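Residue numbers (our numbering), protein chains in the order written: chain A, 892 to 1004; chain B, 2 to 92; chain C, 75 to 488.
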C-alpha cells in the first residue's frame, strides 16, 4: 500500500526537529519509527493501517479514536497482549504483532450443529 | 433501510443495529438489559464507544424514555487492566 | 504524601495543578497520553484578533510552569477506578494505587460516534483521531479524505488538516437515523451552524450567515441549498448528501452517498461513490465522566453542556468531599475556558485545604469572574446555549447542596 508521509514542515507548527530513527518489527518485518512516536503513528507512516483483525469474525481494524478509549488498535508488544498502539511509544527493536483471529472451537462446533 | 440492519454498533462484540433494535423491541428493556442480552458494550472497550448509540436505540424504541432517564452507570475498571494490576497492593 | 491528585494533564488539569502547587500543596498529575497537554496539543486556530492559538505552545507553557512549581507529572498512566476510603481518595492506576485527600477530575471529553455500515474498516477514524495524528504525531492520515458530520469541531479540525496540506475532499452528513440523531437532519445542522456564525474558525460560517441573513432564506435555505454544496476553505460542504456506507475490503476505498431532501430523507436513484482513503466521523464532543461516575458522584443530563455532567458548583466542588472537577468534564467548551476552570478548581482546593490565607477568597472570586469574561470573548463555542446550561447546573447545585438547612425545612413543609 501507499506510504503515508510525515508532515515534516508545517506553516504554523514549523519544521519537525531531527528525530532519531528507531528500528522495530511488526509481524516479522522491520520498519523505522521516529523517536517518541507511537506505534499507531509509526505504522501509519509506514503505510500500515490494519493493526489487528477481529478475534471472532476476522474483519480488519485500525485505530479509531487515537487517544486510548476505543481499544481498536490493540496489538501485542514484546509478548504482552492488548497494548494500545495509540498510547505506546515505539522503543528500540520492539517486537510488535497484530491481533489475530481466535480459533473458537466451541463456537465452531455450535455453528456446525 | 435494509443495509442499516447490518451496521455494527458495538465494534468489540460486533453486535448489529438490527439485533439491538429487535431485542429492544421484543423486551422493551433498559439499556443495561439490552447490553446483557446482546453483549453490546460488554466487550474489550467496555462500551466506551457504543454506550451513546445504545442509549439512542433505547430512546427511539421506548417512547417514554428520554436521555435524562438513562442513568450514567459505569463499572470499574474503566480502563483495561491485567489481573496483576488489580490485585496489586499499595505499599 | 500527596495533597492533590489531578487526573488529566489537559488545560484544566495543568492549570489546576499549577494553582494548587503555587498555594503550597503537593500535587501529582496523571495522564494516559504520551505527553502532557491533553486535547490542547491538537488545537490550532486563528483568533478573531488574527493571532494564532497554538495548543502545542500553550501546553508547553503550562507544562514548564507546572514543573517550576514542582508538580509531579506522570504521562502514560491510566486510571481505572476512583473511590474514597475514610478521609482519603484512592486513585487506582496502572502504576499502583495512589492516595490523597483531594482529587481533581479533569478527564476532558470524548467524541460521539456515528455508526454506519463499513465504519470498522481501517482508515475510518474519529475526527479527533485525525487531529492528533496530524498536529501531534505529524503523520499524514491519508491522501484524500471525507468528513461525515458537520459541526464546529469538524470545521476546526478541517482547517487544521488543510493547514497541514491534507486533502479533504468533501463534508457530507450521516444518514438520518436514530443513531445519528440531529447530525443527520440538514435543517438542524444548518441551524446549529448559523448559531455559531460569529465564531472562528468560520470564514465559511460567516459567508453562510451572509447567505442566510434573512428569515425567509433561513427557512427555505435548506430547500435551496446548492447541490454542489458551499465551499469551506475550498472543501465542499454538502448538507444535502448523506453517507450511506463506507466501502472497501481491507481498508477505506470510498464512501457511498445519496442526495437527500431538505428533511434528510434519501432520494432514491441518486447514489454515487466518492473515492477516499480515509474517513473522519465528526459526531461532536461529550463530557468524559466515567471516573466521576464510578466514584459515586451524582449526575445530571444537561444537553446544553453536551451530555451527562457530574453535579458541581461554580467553584468546581462536587457533592463528594475532596472531589473537584474542571474542564470539559463539566461541559464542552474551548481549551481557554478549561484552563480558567482549572484555576478556579485550584483555588477552591487550596481554600478547602486551608491554604492561601485571607487572599484566597478574593482569588477564587476573581477566577470565577474570569471564566465569565472569557466565555463572552470565546472564539470557539461548541454548544451555543452553554451559558444557560451552566446556569442550570449552578441552580441545581444551589437547590441541592448550597443550603441544606433550607432544603430540610422545605421538605418538612412540603
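Each residue gets a CB set at the ideal place from its N, CA and C atoms; glycine is no exception. All figures in this text were calculated on a predicted structure; none of them were measured in a lab.
Check	Outcome
Opening and closing residue of the beta strand (DSSP E) in which residue 394 of chain C lies	Note, residue 394 of chain C: premise wrong, no beta strand (DSSP E); not H, not E.
Helix, strand or coil at residue 973 of chain A according to DSSP, with G and I counted as helix	strand
Buried/exposed call for residue 87 of chain C, threshold 16 Cβ in 10 Å	buried
Members of the region 13-32 of chain B that neighbour chain A once the beta carbon cut-off is set at 9 Å	13, 14, 15
Cut-off 7 Å between Cβ atoms - residues of its own chain near residue 40 of chain B, not counting five sequence neighbours on either side	14, 16
Contact with chain A by residue 278 of chain C, beta-carbon distance below 9 Å	Here residue 278 of chain C scores only 49 on pLDDT, less than 50, and its place in the model is too uncertain to base an answer on.
Near-chain B residues of the region 949-964 of chain A (beta-carbon distance less than 9 Å), N- to C-terminal order	950, 952, 955, 956, 959, 960, 961, 962, 963
Local conformation of residue 446 of chain C per DSSP, three classes	helix
Which of helix, strand or coil DSSP assigns to residue 155 of chain C	strand
Same chain only: Cβ atoms within 7 Å of residue 943 of chain A, ignoring 5 sequence neighbours per side	952, 965, 966, 989, 990
Boundaries of the beta strand (DSSP E) in which residue 72 of chain B is found, first to last residue	Unbroken run through residue 72 of chain B: none, as it is neither H nor E.
Test item: CB-CB of residue 566 of chain C and residue 209 of chain C under 9 Å	There is simply no residue 566 of chain C to check, as chain C begins at 75 and stops at 488 in what is shown.
Under 8 Å by beta carbon: chain C residues contacting residue 41 of chain B	Ordered by position in chain C, no residue passes the 8 Å Cβ test against residue 41 of chain B, which lies about 11 Å from the chain.
Exposure of residue 75 of chain C, with buried meaning 16 or more beta-carbon neighbours within 10 Å	exposed
Cut-off 6 Å between Cβ atoms - residues of its own chain near residue 955 of chain A, not counting five sequence neighbours on either side	961, 963
Short-range partners of chain A found in the region 34-62 of chain B, where Cβ spacing is below 9 Å	44, 45, 46, 47, 49, 50
Supposed contact pair residue 93 of chain C and residue 424 of chain C - C-beta distance, whole angstroms, cut 8 Å	7 Å
Residue 214 of chain C, buried or exposed, once every other Cβ within 10 Å from all chains shown has been counted against 16	buried
Among C:261, C:240, C:394, C:132, the one whose alpha carbon lies nearest that of residue 177 of chain C	C:394
Chain A contacts made by the region 115-144 of chain C, where a contact means CB separation under 7 Å	118, 126, 128, 130
Run of the alpha helix (DSSP H) containing residue 62 of chain B, from where it starts to where it stops	52-62
Residue 66 of chain B at chain C interface by Cβ criterion, 9 Å	no
Limits of the unbroken alpha helix (DSSP H) element including residue 176 of chain C	It is not in any alpha helix (DSSP H) - residue 176 of chain C instead sits in the beta strand (DSSP E) that spans 176-179.
Any chain C beta carbon closer than 9 Å to residue 927 of chain A	yes
Identity of the residue in C:262, C:346, C:110, C:135 nearest residue 458 of chain C by Cα	C:262
Short-range partners of chain A found in the region 460-474 of chain C, where Cβ spacing is below 9 Å	none
DSSP three-state assignment for residue 319 of chain C, whether helix, strand or coil	strand
Three CB pairs or more closer than 8 Å across the region 313-323 of chain C and the region 176-193 of chain C	yes
beta-carbon residue 167 of chain C near the ligand ZN non-hydrogen atom, thresh 8 Å	Absence of the ligand ZN is noted for the structure shown, with no ligands found whatsoever.
Contacts around residue 367 of chain C, its chain only, beta-carbon distance under 7 Å, and the 5 residues preceding and following it disregarded	373
Segment contact, 8 Å Cβ cut-off, at least three pairs: the region 97-106 of chain C with the region 60-79 of chain B	no
Ranges of the alpha helix (DSSP H) found wholly within the region 313-368 of chain C, counting only runs of at least 4	364-368
Separation of residue 204 of chain C from residue 125 of chain C, as counted between CA atoms	24 Å
Cβ neighbour criterion (16 or more within 10 Å) applied to residue 1001 of chain A	exposed
Close beta carbons around residue 227 of chain C, own chain, < 7 Å, minus the five adjacent residues each side	201, 356, 358, 359, 456
Rounded distance between the beta-carbons of residue 316 of chain C and residue 377 of chain C, thought under 8 Å	The Cβ separation is near 23 Å, so there is no contact.
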